[in-house]
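Protein chains in written order, with the numbering used here: chain A, 135 to 458; chain B, 76 to 396; chain C, 361 to 644.
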C-alpha cells in the first residue's frame with residue numbers, strides 16, 4: 135500500500151470568539167490516498183470547511199492550530215512558512231469554492247484568470263500558447279464558444295459556467311490535491327447534474343486526489359471513492375464509500391443514513407434527538423455521546439480514538455465491535 | 076373534504092417592467108386539505124407563484140381565487156381576515172424575524188396586528204411552543220442568537236396562532252441539518268392532519284417532495300410543465316424536463332440510482348424565453364414542431380397534465396418504484 | 361430595557377479610548393453647564409457692573425468681566441445653555457423631518473422619491489450662511505432663526521442616511537414576513553424599519569452637534585442670530601472682538617470655550633461612530 139498523499143494526525147484547531155475559545159477541530163486523523171476522491175461529509179459544526187482551510191493554510195486571524203500535523207507528500211504543511219505555503223497554493227494544492235459568484239475577480243476576464251494559473255505553473259509560456267491552452271481547457275469543461283468566453287467577464291457568465299471556469303482553473307493548475315468545498319450547493323439541480331457528470335468524466339484528467347466536502351450524502355455516494363464522516367470537530371468514521379454506507383460502523387453514520395428521506399410514505403421521518411455540540415464546550419468525552427442511542431458510561435468520560443476496524447476502515451467509537 | 080378547490084389559478088401571468096414574464100399563463104387547482112409540492116429551478120417562477128398566492132405580488136392578468144373569491148377581492152374586503160387565512164413561511168427563517176425584537180415580541184406580532192384576544196391567544200401560543208419543543212428561555216432571545224431550526228419553528232408558531240387554512244412553505248428544510256429536519260417535517264405533517272391544513276411546499280429536495288406531497292407541480296421558465304399525482308410523477312414523468320430533473324437526485328443507495336439525464340445548455344433567461352416550447356433548447360427530443368409551436372398544458376391522462384408535444388417519450392431508466 | 365444596556369456597552373467602548381474619553385468628559389461638562397447653569401454660575405450673567413468693566417480674573421470675577429462689567433464666567437456658563445438648547449432643538453427637528461422624508465423616499469414610487477431627493481439636493485447645495493442671510497432678511501434675526509437654519513441645513517443628511525438605510529432593509533425577509541402577517545405599512549415603518557435604522561442616525565446626530573454649535577456661534581457673531589442680552593458664545597466672541605483693544609481676555613476665553621466644546625463633541629461623536637461599527641458589534 136503506497137503512502138497516502140495527505141496524512142493528517144491529531145489536528146486541533148481553536149478559534150477565539152467573544153463567547154470563549156471554540157474548538158473547531160478536536161484532534162482529526164485522516165488519510166487521503168493518492169488518486170482517490172475522498173468525500174468529507176458533516177453537518178453544521180463538524181469542522182469540515184475548516185479542514186479545507188487548514189490544508190491551504192488560509193486561516194482567519196482569530197484561528198490557530200493548536201496541535202497536530204498535516205503531512206502532504208511527506209512534508210508537514212504546518213511547519214512551512216507563508217512563503218513556502220504560497221508556492222504550494224494554486225500549484226500543488228488547489229481549491230474550488232462553493233460560491234462561484236464571488237470566487238472570481240470581477241475586474242479580470244476569464245482569459246486572464248486562466249492565463250494566471252497557467253503562468254504560475256509555467257512562467258515562460260508565451261501569451262498565445264497560454265490562450266490556446268486556456269481555450270482548450272474551457273472546451274474540456276464543456277463551455278461552448280470557448281474563444282468568446284475567454285474575453286468575457288465573470289458577471290457575464292451564469293453560475294454553472296463560472297463553476298466550470300473554476301474547474302478549468304483547477305485542472306490547469308494540475309494540482310496533486312484538489313479541494314472542492316460544496317462546489318455544487320449554490321447551483322440549480324440540472325446544472326449540478328452537469329457539473330457532477332463533468333467531474334466524473336474528468337476523473338481521468340485528474341491524476342491527483344480530490345477532497346470533496348459536502349453535507350449532501352447522496353452526492354458523495356455517487357462521486358467519491360472514500361468517505362470520511364465528521365461530527366463535532368472529529369472524524370468518526372472513514373473507509374471506502376460503498377462499504378461505509380452499506381454497513382456503517384459508527385452510530386452517527388447509521389443515524390445520519392436513517393435520516394435520509396426514503397421512499398416509503400409510511401411511518402415517521404427519522405431525526406437525531408438533541409442538538410449539534412457547541413464548539414465552546416470543553417469535554418473529555420465522545421462528541422456524539424449525548425445523542426447516541428448506544429452510549430455507555432465510558433463514552434461520556436473518554437474520547438474514543440480512531441481504530442482500524444477492517445481493511446481500509448477506521449472508526450472512532452468505543453463500542454463499534456459490539457454494535458457491528 | 077369538499078369538492079370545490081381551495082385554490083384556483085386561472086391563466087395567471089405576472090410581468091415585471093413590461094418585459095420579464097415571471098409567470099406565464101398559469102392555471103392550477105389545489106384541493107382543501109391537500110399537500111402539494113412545487114418544484115423548479117431558478118427562473119421557474121415558483122417564488123412568484125407563491126407571492127401571488129399570498130397576495131404579496133399582484134397578477135398582471137388572470138385571476139387567483141381562494142375559497143371562491145379572488146385574492147384582490149379578499150384584500151379589498153377584509154385584508155386582515157385574508158392574512159389570517161393564508162400564511163407563508165419564507166425561506167430564510169432567521170431573517171424572517173425582526174432583528175431588534177425579542178422572540179416574545181415577534182410571536183406577539185400577529186396577536187397585536189389582528190387584535191386577537193390576548194390571554195386566549197397566548198395560551199394557544201404556549202401550547203404550540205411546547206409541542207414544537209421550544210424552551211421557555213428562547214422567548215427572551217434575539218433572532219441572531221437562535222439556530223435555524225428554532226427560527227423555523229418560531230415562524231411556524233407565529234403562523235399557527237392565527238389558525239390559518241393554507242400555509243405556503245418556501246424551502247422549509249433549507250439550512251436545516253439532515254439530523255433535525257425529520258422532526259420539523261413530522262410536526263408539520265401532524266399539524267396538517269390535526270387542523271386540516273392545506274400546504275403548498277416548495278422544495279428542491281426531491282426526496283421530501285416525494286415522501287410528503289400528494290400532488291406535484293413542475294415549473295420551468297414561468298410555466299407549469301407538468302401537474303401530476305406525486306407517485307405517478309416520480310414513477311413515470313411525462314415531461315422531458317420532469318424526467319431530467321427527477322433523475323438529478325443523487326441517491327445514497329446504489330440500487331436507487333437512476334441513470335442521469337444530463338441536459339444541454341443553461342437555463343435560458345426569463346426576459347427572452349425560447350420560441351415555441353420553452354424547453355426545446357435543452358430537450359434531448361426537440362423536434363421541428365417544438366421550435367415553432369408552443370405546447371399547451373393539456374390533460375394527457377386522467378388527473379395529469381403536461382405541456383409537451385411528445386409526453387412520455389423520454390424514458391427515465393431505472394426508476395425506483 | 362435592552363436598549364439601555366446596549367447603550368451602556370457602547371458608551372464603555374467610547375470611553376476606553378483617549379479621544380473618546382476626553383470627548384465624553386467635555387460633553388458631560390458642557391451638558392452640566394447647560395442644565396445647571398443657574399446653580400453653577402456664580403453670578404447673574406446680565407448683572408451690569410459698569411464700574412468694573414474689563415476687570416481681570418479675580419475672586420469675584422473668575423475670568424474677569426466684559427465691557428459692561430458682566431461676569432464673563434457666568435455668561436460662558438449660560439452660553440452653554442444657549443448652545444445646547446439650540447443644538448438639541450435643531451437636531452431634533454432635523455432628525456425627525458429628515459428621517460420621515462428619507463424613509464418615505466425609500467418606499468414611495470420613483471417619481472415622488474425623486475422629488476424628495478431633489479429637495480434634499482437643493483438644500484444641500486445651498487451655503488448655509490447665504491440661506492441664513494436670506495431668512496434673516498425676511499424675518500429679522502432671532503434665536504428661532506438660528507434653530508430653523510440649522511435644522512434645514514441638517515435635515516437632508518439625515519434624510520439621505522435614513523433613505524439609504526431603509527433601502528437596504530426594503531427587501532429584507534422580516535419586512536415581508538410582517539406584511540404576510542398582516543402588518544400595515546405604518547406598523548412596519550414604526551416598529552420594524554425605524555428601530556433598525558436608528559443606529560447610524562444617532563451617530564450622525566451626535567456628530568452634528570458641534571456643527572450646530574458652530575452655526576449658532578457664527579450667526580450670533582454676525583449679529584444674525586441670538587440677540588443680546590441672551591448670552592450665546594457667538595455673541596461673547598463678537599463683544600470681545602469689538603473691544604479687543606480694551607482687553608484680550610474676553611475674546612480669547614470665549615473663543616477657547618467654543619473651540620474646546622466643539623472639539624469635545626467632535627471627538628465623542630467620532631468615537632461613537634467607531635464604537636457602533638458593526639465589525640466590532642454583536643457576534644454570533
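Beta carbons: idealized from backbone N, C-alpha and C, even for Gly.
Values in this document were obtained by computation on a predicted structure and should not be read as measured data.
Considering only the beta carbon of each residue, do residue 164/B and residue 127/B sit closer than 8 angstroms? Within the second chain, the letter at position 89 stands for residue 164/B. Within the second chain, the letter at position 52 stands for residue 127/B. No. Outside cutoff.
Chain A partners of residue 337/B, CB-CB under 7 angstroms? Stepping through the second chain from its first residue, residue 337/B is reached at position 262. Under the 7 angstroms cutoff, chain A gives 327, 328 and 331.
C-alpha distance - residue 328/A paired with residue 308/A, whole-angstrom precision: The residue given as residue 328/A occupies position 194 in the first chain. The residue given as residue 308/A occupies position 174 in the first chain. Computed Cα separation, rounded: 22 angstroms.
Please list, in chain order, the chain B residues whose beta carbon lies closer than 7 angstroms to that of residue 322/A. Position 188 of the first chain holds residue 322/A. Those are 116, 117 and 342, listed as they occur along chain B.
Using a C-beta to C-beta distance shorter than 8 angstroms, which residues of chain B count as neighbours of residue 562/C? Position 202 of the third chain holds residue 562/C. Within 8 angstroms Cβ-Cβ: nothing; residue 562/C doesn't reach chain B, min ~14 angstroms.
Just to confirm, are residue 253/B and residue 393/A a CB contact at a threshold of 8 angstroms? Translated into the one-based positions of the second chain, residue 253/B becomes position 178. Translated into the one-based positions of the first chain, residue 393/A becomes position 259. A contact, by the Cβ cut-off of 8 angstroms.
Please report the residue range of the alpha helix (DSSP H) in which residue 315/B lies. As a first step, residue 315/B is located in the second chain; it is residue number 240 there, counting from the start. Looking at the DSSP string, the run of the alpha helix (DSSP H) that includes residue 315/B is 315-322.
Taking the C-alpha atoms as reference points, what is the distance between residue 429/A and residue 386/A? Here residue 429/A refers to the residue found at position 295 of the first chain. Here residue 386/A refers to the residue found at position 252 of the first chain. Cα-Cα distance, rounded: 11 angstroms.
Reduced DSSP secondary structure (H/G/I, E/B, other) of residue 463/A: Outside the shown range of chain A (135 to 458) lies residue 463/A, about which nothing can therefore be said.
What do you get for residue 327/B, buried or exposed, if any count of 16 or more other CB atoms within 10 angstroms of its CB means buried? By one-based count along the second chain, residue 327/B stands at place 252. Buried, because 16 or more other Cβ atoms sit within 10 Å of the Cβ of residue 327/B.
I need the boundaries of the alpha helix (DSSP H) containing residue 185/B, first residue and last residue. Taking the first residue of the second chain as position 1, residue 185/B is located at position 110. Taken as a continuous stretch (DSSP letters only), the alpha helix (DSSP H) holding residue 185/B covers 178-188.
Residue 265/A and residue 283/A - do their beta-carbons sit closer together than 8 angstroms? Within the first chain, the letter at position 149 stands for residue 283/A. Within the first chain, the letter at position 131 stands for residue 265/A. No. Outside cutoff.
How about residue 91/A and residue 375/A: are their beta carbons less than 8 angstroms apart? No information on residue 91/A is available, as it lies outside the stretch 135 to 458 that chain A covers here.
Quick check on DSSP: helix, strand or coil for residue 289/A? By 1-based counting over the first chain, the position of residue 289/A is 155. Three-state result, residue 289/A: helix.
Tell me the DSSP secondary structure of residue 384/A in three-state form. The residue given as residue 384/A occupies position 250 in the first chain. Reduced to three states, the DSSP call for residue 384/A is coil.
Taking just the CA atoms, how far does residue 513/C sit from residue 395/C? Within the third chain, numbered from 1, the residue matching residue 395/C stands at position 35. Within the third chain, numbered from 1, the residue matching residue 513/C stands at position 153. About 26 angstroms.
Could you list which residues in chain C have their beta carbon closer than 8 angstroms to that of residue 129/B, in chain order? Here residue 129/B corresponds to residue number 54 of the second chain, with the count starting at 1. Ordered by position in chain C, the residues that pass the 8 angstroms Cβ test against residue 129/B are 540.
The segment 420-431 of chain C / the segment 382-399 of chain C touching (three or more Cβ pairs under 8 angstroms): no
Span separating the alpha-carbon of residue 101/B from that of residue 453/C: Locating residue 101/B in the second chain gives position 26, where the first residue counts as 1. Locating residue 453/C in the third chain gives position 93, where the first residue counts as 1. Cα-Cα distance, rounded: 51 angstroms.
Beta-carbon separation of residue 189/B and residue 155/B under 8 angstroms? Locating residue 189/B in the second chain gives position 114, where the first residue counts as 1. Locating residue 155/B in the second chain gives position 80, where the first residue counts as 1. Yes, the Cβ-Cβ distance between residue 189/B and residue 155/B is below 8 angstroms.
Mind pulling the chain B residues with CB within less than 8 angstroms of residue 470/C? Residue mapping note: residue 470/C aligns to position 110 of the third chain, counting from 1. By Cβ distance, chain B contributes nothing, its closest Cβ being about 12 angstroms from residue 470/C, past 8 angstroms.
Chain-ordered chain B contacts of residue 547/C [CB-CB under 8 angstroms]: For the purposes of this step, residue 547/C is identified with residue 187 of the third chain, where counting begins at 1. Those are 188, listed as they occur along chain B.
Can you look up residue 374/A in the DSSP assignment and give me helix, strand or coil? The residue you call residue 374/A lines up with position 240 of the first chain. Note: residue 374/A maps to strand in three-state DSSP.
Whole-angstrom C-beta distance between residue 413/A and residue 156/A, which should lie under 8 angstroms: The count along the first chain starts at 1 and reaches residue 156/A at position 22. The count along the first chain starts at 1 and reaches residue 413/A at position 279. That belief holds up - the Cβ atoms of residue 156/A and residue 413/A are roughly 4 angstroms apart, short of 8 angstroms.
Whose Cβ in chain B lies nearer than 9 angstroms to the Cβ of residue 467/C? Locating residue 467/C in the third chain gives position 107, counting from the first residue. None at all; the shortest Cβ gap to chain B is about 15 angstroms.
Cβ-Cβ distance between residue 166/A and residue 140/A below 8 angstroms: Counting from 1 along the first chain, the entry for residue 166/A is found at position 32. Counting from 1 along the first chain, the entry for residue 140/A is found at position 6. In this structure, residue 140/A lies closer than 8 angstroms to residue 166/A by Cβ.
8 angstroms Cβ cutoff met for residue 401/C and residue 437/C: Your numbering for residue 401/C matches position 41 in the third chain. Your numbering for residue 437/C matches position 77 in the third chain. Yes, they are a contact pair.
Measure from the C-beta of residue 310/B to each C-beta in chain A and report whether the shortest distance is under 8 angstroms. For the purposes of this step, residue 310/B is identified with residue 235 of the second chain, where counting begins at 1. Not an interface residue.
Residues that residue 362/A bridges to, as DSSP identifies them: Position 228 of the first chain, counted from the start, is the residue given in the question as residue 362/A. Partner(s): 174/A and 372/A.
With three or more beta-carbon pairs closer than 8 angstroms as the criterion, would you say the segment 350-369 of chain B touches the segment 292-300 of chain B? yes
Less than 8 angstroms between the C-beta atoms of residue 521/C and residue 460/C, yes or no? In the third chain, residue 521/C corresponds to position 161, counting from 1. In the third chain, residue 460/C corresponds to position 100, counting from 1. No, the Cβ-Cβ distance between residue 521/C and residue 460/C is not below 8 angstroms.
Under 8 angstroms by Cβ, that's how I've got residue 111/B and residue 275/B pegged, so tell me the actual separation to the nearest angstrom. Taking the first residue of the second chain as position 1, residue 111/B is located at position 36. Taking the first residue of the second chain as position 1, residue 275/B is located at position 200. Yes, they are in contact, since the Cβ atoms of residue 111/B and residue 275/B sit about 5 angstroms apart, within 8 angstroms.
Run down chain C in chain order and give the residues with a C-beta less than 8 angstroms from the C-beta of residue 174/B. Within the second chain, the letter at position 99 stands for residue 174/B. The answer, in chain order, is 534 and 556.
I want to see whether chain B comes within less than 8 angstroms of residue 537/C, judged by CB atoms only; does it? The residue you call residue 537/C lines up with position 177 of the third chain. Yes, contact with chain B.
Residue 298/B in three-state terms, based on DSSP: Here residue 298/B is taken as the residue at index 223 of the second chain, counted from 1. Strand, per DSSP.
Where the segment 375-390 of chain A meets chain B: residues whose CB sits under 8 angstroms from a CB there: 376, 379, 389 and 390
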